[in-house]
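This report refers to the structure that appears directly beneath it.
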Amino acid sequence: MSPIFISSLLISTAASASDKPKLKMTLSDKLSEDQKTYHKTENEQLEKARKAAAETAKRELDVLSHQQNGEWEQEQRDKAQAQFNERKSREQKYLQEAQQAAKKERKIIKKMSPETKD
């Protein structure tokens, strides 16, 4: 090999090695970094849990206030009455249709068999 080729190969290898500085973390640095990440994640999860608990408590208070005022019971009664009325009107409609169908005259057509023809 030519000396120029070898020298250019060495220069390019040295340049690429200097482009990527290797960062070596010591064990204690890695441990402290992991502890920071752990505490950050734990705090985020605790905050989410606090928010969820607060929202749940708020919903419970809303339900309790509706129950104490009697609004909830009245709403349930109104819904039940509306369903009852709907069923009743549907039954009336079907009954009326059946009565009208019963009143109609029906023609019963007898099919003539070939033997009975004159």
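First residue of the sequence shown? That's 40 in this note's numbering, and the numbers climb one at a time after it.
Even for Gly, the Cβ is constructed at its ideal location relative to N, Cα and C.
Because the structure is a prediction, the values reported are computed rather than measured.
Residue 67 and residue 78 have their alpha carbons spaced roughly 16 Å apart. The beta carbon of residue 102 sits closer than 7 Å to no other beta carbon from its chain once the five residues preceding and following it are set aside. Just so you know, the alpha carbons of residue 148 and residue 141 end up roughly 18 Å apart. Excluding the 5 residues flanking it on each side, residue 95 has no same chain C-beta neighbour closer than 6 Å. Here the alpha carbon of residue 118 sits roughly 10 Å from the alpha carbon of residue 124. Annotation: the region 120-149 contains no complete segment of the alpha helix (DSSP H) (minimum length 4 residues). Residue 90: member of the alpha helix (DSSP H) spanning 66-108, first to last residue.
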